[in-house]
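Numbering of the sequence shown is given in our numbering, commencing with residue 1 and proceeding in unit increments. No residue lacks a Cβ here, since even glycine has one placed at the ideal position from N, Cα and C. All figures in this text were calculated on a predicted structure; none of them were measured in a lab.
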Amino acid sequence: MNGQMAAGFVRYIGYDNADIFKNMLIEAYAAAKKNGLFFEGKIPMASTSEVSAASNYAAGDFADVKSVKAGLNSWLLTQRIQCDAEAIAETLTEACRNCGANGRNTYLVIFCWLMKYLAVRPQSLVLIGAANLRELYFLRIMSQAGVRVVYVSYGMDKDFDKFPHANAVQTIGGAMSGMVSIDFANIDLSKAAQMSQMRASAQQVENTVQRLSTTAAGIFEDFMADHRTRVVKNGGVFREGGVIPVYFAALIGYDEEAVYNNMLLKFKEGFAGSKKQLIFIEKPMENPTAEEIRQLGTVTRNSTSEMIDELALLIKLNGDSTRTALAQTELRKLLNELYTGNQTVVFNYGSKLISWLYRCTQARKYAVQYADIPVVLYYGDISQSELYFLHFMSRCGFDVIYITPNKQLLDLTVDKNLDNRMQIFQLPQSKESGSYPSKAVKMKVNTVAYSAERELDTMLYGGDAGIFRDFQFPNSQTVTLRTTLEEIGILWKQEARFRQGFETSGNLVTVPNIFAKISGVKDGNAAAYWEEIRERLTPETILRVKTADQQSTAPDLSAYRSFYRNGKIDAQRLKASSLNRYSYLPDRIQDMLLFKLQEAVDSGFLKLSGDELMCTVMHYGLNLDKEFMKLLQSFDFTKQLPKLIWIDAVEQTFSLEECIQLVLCDLIGFDILIYTPTGYKNLETFVSADAFEEHTQNEFLYNMEVPKFKIPSEQKNGGLFGRLFRK
1 MNGQMAAGFV RYIGYDNADI FKNMLIEAYA AAKKNGLFFE GKIPMASTSE VSAASNYAAG
61 DFADVKSVKA GLNSWLLTQR IQCDAEAIAE TLTEACRNCG ANGRNTYLVI FCWLMKYLAV
121 RPQSLVLIGA ANLRELYFLR IMSQAGVRVV YVSYGMDKDF DKFPHANAVQ TIGGAMSGMV
181 SIDFANIDLS KAAQMSQMRA SAQQVENTVQ RLSTTAAGIF EDFMADHRTR VVKNGGVFRE
241 GGVIPVYFAA LIGYDEEAVY NNMLLKFKEG FAGSKKQLIF IEKPMENPTA EEIRQLGTVT
301 RNSTSEMIDE LALLIKLNGD STRTALAQTE LRKLLNELYT GNQTVVFNYG SKLISWLYRC
361 TQARKYAVQY ADIPVVLYYG DISQSELYFL HFMSRCGFDV IYITPNKQLL DLTVDKNLDN
421 RMQIFQLPQS KESGSYPSKA VKMKVNTVAY SAERELDTML YGGDAGIFRD FQFPNSQTVT
481 LRTTLEEIGI LWKQEARFRQ GFETSGNLVT VPNIFAKISG VKDGNAAAYW EEIRERLTPE
541 TILRVKTADQ QSTAPDLSAY RSFYRNGKID AQRLKASSLN RYSYLPDRIQ DMLLFKLQEA
601 VDSGFLKLSG DELMCTVMHY GLNLDKEFMK LLQSFDFTKQ LPKLIWIDAV EQTFSLEECI
661 QLVLCDLIGF DILIYTPTGY KNLETFVSAD AFEEHTQNEF LYNMEVPKFK IPSEQKNGGL
721 FGRLFRK
């Protein structure tokens, strides 16, 4: 039928949640009563006059499709109904053949139903009951005519097994199949229609809100970026009513007090000249007042699902239909997530979220009109309910940032971070929240000479000059080079800054490194094989030769369990604990190593999970030997990379400790080669193939004796240029 939504034939034989299923049936009933057909039990048989009218279009031969189609077409033309007459005629002919000996009777029964019910041009048809074979054929014909069919049988329709088109029907079951009792005669159709409209609106705004990622360094700049800029920057095309890209972050703790104070002040004052609206929350949000509760009205509590739906219906942000639909949808999702069996608790959460939403938007007083994506800024100590509210607002299409210098709020914030939606940035120091900064704090001012020195420093060592200070970058990220075997020799002694993929951005440097396993010996030439290894030894190389070790005792990992939560290592606590064997190292080295422990956990390079992954990474990562430590302390990310070469000529795989330390060295930026003349497995036991490259040569050698190698001493650069730029 023209203008008709996509037809379908859905059969329900069970369900998983009685409340949700009941609401679905009520909505289907409301839609059918508005512009469709509803049958409970059996479809009424035709009257004598209806049968007489249908006889005028009776086929000459009920077994002949062409004859049936001719009669059907005659009626369709009189009604000006456009549909697939050929398909319907085939189904009707088949029904005459399969529904008993009296084909004419079947034809007239189904044709009478068509004349009566298809003539009203329904959008949907709902049948609750056990349909017989004739009724099943009628439902199929209505579906072929473009009517959406919802058939609820609870699995009691024995004739369905005889229905030749059962495979064309979408059958939905569940853990329960008992009949749901509904008094359809006393249903509030107005409310049911609102529920149906609410669910339809929810589908329209699905995936409208997209959460973007920010960084601790760029957080305030990102929050101030306008809607259009965000869309275009992320490769989209801006249009009104399109995607809403939002940021959702927490900044917990502080660093240098004066800088922190002035940074927050500047952020808040920036809204004065911006199109973005700031919703600023500093004091604890009070529970709904008696007046706010009164405005919520009466909410049915017959079932929790029905109560949640009615709470959602209370939301109406005049002037903003998109955020109205988002708020209704996300309230239902969030309250269902929070429901643990206590309906009153869920109602209290719902009333808080709705009342706080109206307070923040002032939607009860004014039409909601935003020139850009509004920002919710919550400062200070926070409660569990308020954290849930921030999550709710983020899902509704608001930028949300939570700021507190008090790190005692960190555990609660992490624990209530639903779906890890909020990005949580932790700064090193902690203090009481106090009030949001209201005036600038005096800071140190650079002298002319100091500023000139910094300008020269920036000119020489910043941007794309390609000249870098010693240890200019406190941290790195690595990208493993995919090379040919021959390229390894070319790149091996090349400084990082000259390799493809080297990049700098702010205080971060991207280091292209090598992580490769070389299996076998080219042409079986052992002498050339050992000579190649000898040539690759540099003053920055750690050489390891695998031996047939005895199995070591499993370490006690229990001490590490209190230092992580939800897959995140508490780096500051771990750094301050007695487990930190690197406390004598400079802070930049300690912080970098702790950062790499988390990166090793997140990388997916280790074939471990859960508690074992977290605790073993911390244990073995904090037990690197002094040879590694000395090399790390002199490691400059922009220059010659440290090297780790393993020679494995024995019949034993790498231990868990060796594999974890390999992954850590890779993420730190070591060039790593694993020479395996036998071609046997070693690091693959615990390290994913995604982490490294493997090159296989044409012969394998066994029982090889590894010669003694000497690490060459460092050679100093000479000449004026070397003296100028060595430091």
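**Item:** Runs of alpha helix (DSSP H) wholly within the stretch 6 to 94 (minimum 4 residues, chain order)
**Value:** 18 to 35, 48 to 55 and 65 to 79
**Message:** Classify LYS596: buried if its beta carbon has 16 or more other beta carbons within 10 angstroms, exposed otherwise.
**Reply:** buried
**Prompt:** Nearest to LYS517 by alpha carbon, out of HIS695, GLY434, ASN406 and GLY524?
**Reply:** HIS695
**Item:** Residue(s) in a DSSP beta bridge with HIS695
**Value:** ILE518
**Request:** Would you identify the three-state DSSP class for THR538, choosing helix, strand or coil?
**Result:** coil
**Inter-residue Cα distance where the pair is THR208 and GLU286** = 30 Å
**Message:** Counting C-beta neighbours from all protein chains within 10 Å, is the total for ALA131 16 or more, i.e. buried, or is it exposed?
**Reply:** buried
**C-beta atoms of ILE252 and LEU427 nearer than 8 Å** = yes
**Asked** Roughly how many whole angstroms lie between the Cα atoms of ARG97 and SER201?
**Response** 44 Å
**Prompt:** Counting pairs of beta carbons, one from the stretch 7 to 16 and one from the stretch 137 to 156, are three or more of them closer than 8 Å?
**Reply:** yes
**Prompt:** CA-CA distance, TRP75 and ALA30?
**Reply:** 30 Å
**Message:** On the CB-based measure, 16 or more other CB atoms within 10 Å of its CB, does ILE43 come out buried or exposed?
**Reply:** buried
**Message:** Once the 5 residues before and after LEU481 are set aside, which same chain residues still bring their CB inside 6 Å of it?
**Reply:** PRO512 and ILE514
**Item:** For ALA166, three-class secondary structure by DSSP
**Value:** helix
**Beta-carbon proximity of LYS69 to ALA53, cut-off 8 Å** = no
**Outcome for ASN302 when other beta-carbon atoms lying within 10 angstroms are tallied against a minimum of 16** = exposed
**Item:** C-beta contact flag for THR361 and LEU317 at 8 Å
**Value:** yes
**Asked** Beta-carbon separation of LEU311 and LEU331 under 8 Å?
**Response** yes
**Prompt:** For the beta strand (DSSP E) that contains SER385, what are its first and last residues?
**Reply:** Note, SER385: premise wrong, no beta strand (DSSP E); alpha helix (DSSP H) at 384 to 395.
**Request:** Can you grab the Cα-Cα spacing for the pair LEU667 / ILE308, in whole Å?
**Result:** 48 Å
**Request:** Take SER609 as the anchor and find which of ILE660, LYS283 and GLU50 has the nearest alpha-carbon.
**Result:** ILE660
**Prompt:** Just reading off the beta strand (DSSP E) that TYR378 is part of, what are its end residues?
**Reply:** 375 to 379
**Message:** Please classify GLY718 as buried or exposed, where buried requires at least 16 neighbouring CB atoms within 10 angstroms.
**Reply:** With a pLDDT of 43 at GLY718, under the threshold of 50, the modelled position of that residue is not reliable, and no figure is offered here.
**Asked** Considering LYS150, what are the terminal residues of the beta strand (DSSP E) in which it resides?
**Response** The identity of residue 150 in the sequence shown is Val, whereas the question assumes Lys. First-last of the beta strand (DSSP E) with VAL150: 148 to 152.
**Item:** Which of helix, strand or coil DSSP assigns to ASN513
**Value:** strand
**Prompt:** Which runs of the beta strand (DSSP E) fall wholly inside the stretch 251 to 336 and span at least 3 residues, in chain order?
**Reply:** 278 to 281
**Message:** Let's test the definition: count the other Cβ atoms within 10 Å of the Cβ of ALA600 and tell me whether it reaches 16, buried, or not, exposed.
**Reply:** buried
**Asked** Is the stretch 341 to 356 in contact with the stretch 414 to 431, if contact means three or more CB pairs nearer than 8 Å?
**Response** no
**Message:** I'd like the span of the alpha helix (DSSP H) that includes THR361, first residue to last.
**Reply:** 343 to 361
**Message:** Does the contact criterion of 3 or more C-beta pairs under 8 Å hold for the stretch 58 to 65 versus the stretch 114 to 123?
**Reply:** no
**Item:** Extent of the continuous alpha helix (DSSP H) run through TYR107
**Value:** 103 to 117
**Asked** Under the three-state reduction of DSSP, which class applies to SER451: helix, strand or coil?
**Response** Caution is warranted here: a pLDDT of 44 is assigned to SER451, below 50, making its placement in the model unreliable, and the coordinate value is therefore given only provisionally. Three-state DSSP puts SER451 in a helix.
**Item:** Every unbroken beta strand (DSSP E) inside the stretch 627 to 696 [3 residues or more]
**Value:** 643 to 647, 671 to 676 and 693 to 696
**Message:** At the level of alpha carbons, what is the spacing between THR298 and LEU418?
**Reply:** 30 Å
**Request:** Return the chain-ordered list of same chain residues with a C-beta closer than 8 Å to the C-beta of GLN590, the five sequence neighbours on each side being excluded.
**Result:** LYS575, ASN580, TYR582 and SER583
**Span of the alpha helix (DSSP H), counted from its first residue to its last, around GLN429** = No alpha helix (DSSP H) contains GLN429, which DSSP labels as neither H nor E.
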